[in-house]
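The next block holds one structure in the form of structure tokens; read it before the comments.
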Amino acid sequence: MTMPKQRLIFGLLVTFLFALSFPSVTSAVESDKNATVNLNDWAAVRALGLEKLKALKLKSADKYLNIARTLAGKKSTSSDEFNTSVLDLARLDEVRGRYWQALHEYNQVYSNLSQKPGSADDSKVAGLLADQGRINYLLGDLPQARMQLEQALVAFNKLNDQSLKKAQLLQDLCQVHLDFALFDRARGEANQALELSQKLSGAKSLETCQSLISLARTQLFAGQLVEAENYIRQAMAIAVDNSRMASLSRANCLDTCAQIYLNEGRSAQALTVEEEALALRQKILGQDHPSTGECLMTLAIISIAQKDFSSAKVFLEKAMTIAQDRFGQDSAKVAKVLAIQGTCAQREGSGDQAKDSFSKASAITNKLSELDNPLVKNLRSLVPGNSDAGQAFWQGKKSDTSFAIDPLARCITSLLNKGVIEPLEPPKGPQSVLATVAEPSPQPTANPHPQVPGPSQDSVNGNLKKIKFDRKYVWGAGIIILPIIVLVLYSVFANFFRSLKSSVRRPERRGPGKAAGNPSQNGSDKPAGKEGSSPLMSRFVDEDKVNKMWDINK
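Mapped onto this note's numbering, the consecutive letters of the sequence shown carry residue numbers 595 to 1148.
Spelled out as structure tokens, the structure:
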């Protein structure tokens, strides 16, 4: 292998390695952007953290928002800056699915602000009530969520607050009222939320998209499937760009659309749409996020409708892992997964396994102090002999649609009414195992997840040093590597063109006094007295000197 080829191969190898290290150069550019921020300036660091949070760059957001909280805490833990920083972290934890930690942080700020009288603080307290209600809903505590959200709405109306915060509150309250089967109230709240969103943020905003999703769900629960699908199409037309926030809104649209298709009996289309929603949530939020678990439960219900019980079991195993890790062993979410597992076993023909799943779910709900929790009512209604709906569920008969309180029960009822689910023999014996479970007595519910304290001062100071070190390291590596790459590339291309030039035949040199086109007497085109010499050698070597040296040696 010739030297130019070796250099060419070496240059290509170095170029390939540079391409692999391109993300480091990108991070250097980002670090340069962050380098303009004074890490001792609370407002600047917080603004950068909120920018990362808005872009759903959650690791960077966590880093900077923690630094902002530490900076605010150095002054006073009762200052407005500190409360604001804690609220920022609560919203970050909510996005990441850390609902217990988010609830702890919301409660902390609520306790601080409720002790300060003033109109501005009253508005913040109303917003915190809405935040607490939304988190309790996500944790499955529906009665507590309903009480807090309704109190927040009264406070917003009293303050005549017409902000996007109120629009979000109306969306959350709409979903809670749907779970309590208060369809008219839910529809009115969804319409108000849509009106506020369009007025304040525009008809093509993501807030408007979410309001349209809420309206679609009200129509879905009311059985108006054509209207529900129209609202979802409008929402999908808004969530079209490739940003992470828009992708999450699109996932919410797809999830609702899958439920519409399932209620229409189009289970194959429902499965395709829900799988796309699952892929989006997994990519943006992670494999173990609670919203990913909700998608898995919906996919399990769709698989039950298609009698694909093996796939349903796989989905439910993953959903159970997420529910136990994120909510606790005795949470309402775990009870819901158990209920779907019982439904799967019952439809597959495994009556004993179905009883065991429903028995575990009922035991969990008996520990809940909220006797008016719709989930508790649904599970009890599935106990044979407790209600007409429960008896219909076990016998595979049609049932009253008033049984449909939450999406799980509504889906089961819809499948029964459409005759999709085949009848199964009712359990034998005068009374089932579930019917023997004692009625719950009100008692405080232990938090399955102890509150995790925030990062210490030392850890945040370590983050500050790490940021500075990482920036110096990236730039130092770039300063060393880039000149080497430039020199190597220059050498490779120079050798390449030199070898290309030398491969082309050059015109022959003429001897002195010889006219162009006149050959020498011996018939050769070579200069007289220099036979056998090549044009290339005569260019670099003085052949007269060489000949003299040859004569001396002789």
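From the three backbone atoms N, C-alpha and C, an ideal C-beta is built for every residue, glycine too. Please read these numbers as outputs of a predicted model, since none were measured by experiment.
Quick check on the DSSP output: the alpha helix (DSSP H) that includes residue i runs from which residue to which?
i, result
"V703", "Y693 to L707"
"V689", "D674 to V689"
"Q742", "L736 to K752"
"H883", "Neither: H883 is in no alpha helix (DSSP H) and is coded neither H nor E."
"S670", "Taken as a continuous stretch (DSSP letters only), S670 belongs to no alpha helix (DSSP H), as it is neither H nor E."
"L644", "W636 to K648"
"D755", "Premise fails: D755 is in no alpha helix (DSSP H) and is neither H nor E."
"G943", "No alpha helix (DSSP H) contains G943, which DSSP labels as neither H nor E."
"K793", "F777 to S795"
Is residue i buried or exposed, if buried means 16 or more other CB atoms sit within 10 Å of its CB?
i, result
"I896", "buried"
"P1121", "With a pLDDT of 46 at P1121, under the threshold of 50, the predicted position of this residue should be treated as unreliable, and no value is reported."
"D635", "exposed"
"T850", "buried"
"P1208", "Coverage of the chain is limited to positions 595 through 1148, which leaves residue 1208 absent and any answer about it impossible."
"D946", "exposed"
"K699", "One point to set straight first is that residue 699 is Glu, not Lys, in the sequence displayed. So E699 counts as buried."
"I934", "buried"
"L1081", "exposed"
"T630", "exposed"
"V639", "buried"
"L1076", "exposed"
"V703", "buried"
"Y855", "buried"
"Q923", "exposed"
"Q881", "exposed"
"V931", "buried"
"Q786", "buried"
"S904", "exposed"
"E1019", "Unreliable placement is indicated for E1019, whose pLDDT of 38 sits below 50; no coordinate value is reported for it."
"Q762", "buried"
"R1092", "exposed"
"A834", "This sequence places Val at residue 834; Ala is not what is there. Exposed: under 16 other Cβ atoms inside 10 Å."
"G796", "exposed"
"F1087", "exposed"
"E888", "buried"
"E783", "buried"
"K669", "exposed"
"V680", "buried"
"D682", "buried"
"Q804", "buried"
"S951", "buried"
"A1110", "The predicted position of A1110 is uncertain, since its pLDDT is 45 and thus under 50; no value can be drawn from it."
"T671", "exposed"
"D687", "buried"
For residue i, tell me which candidate among the options has the shortest Cα-Cα distance.
i, options, result
"L874", "R838, P1077, S905 and A864", "R838"
"T802", "G817, F815, L776 and Q765", "Q765"
"G734", "L910, A917, L848 and V680", "A917"
"A955", "S925, E870 and G943", "S925"
"K798", "F774, A787 and A831", "A831"
"E870", "K718, C847, I1078 and V639", "C847"
"L633", "L652, K930 and T664", "T664"
"L747", "G721, Q709 and Q769", "G721"
"L893", "R941, K752 and T866", "T866"
"K760", "D725, T959 and Q738", "D725"
"A749", "Q769, L644, V928 and K718", "K718"
"L872", "R728, K648 and S841", "S841"
"N754", "D716, D674, A662 and S708", "D716"
"E911", "M891, A637 and L788", "M891"
"P959", "K949, A948, I661 and V928", "The sequence shown places Thr at residue 959, rather than the Pro named in the question. The shortest C-alpha separation from T959 is found at V928."
"I807", "A816, E823, G817 and K793", "E823"
"E942", "A913, D902 and L732", "D902"
- Query: Mind pulling the beta strand (DSSP E) runs of 3 or more residues that sit fully within the stretch 805-845?
  - Reply: Counting whole runs of 3 or more residues, the stretch 805-845 contains no beta strand (DSSP E) stretch at all.
- Message: If we require 3 or more residues per run, which beta strand (DSSP E) segments fall completely within the stretch 856-936?
- Response: none
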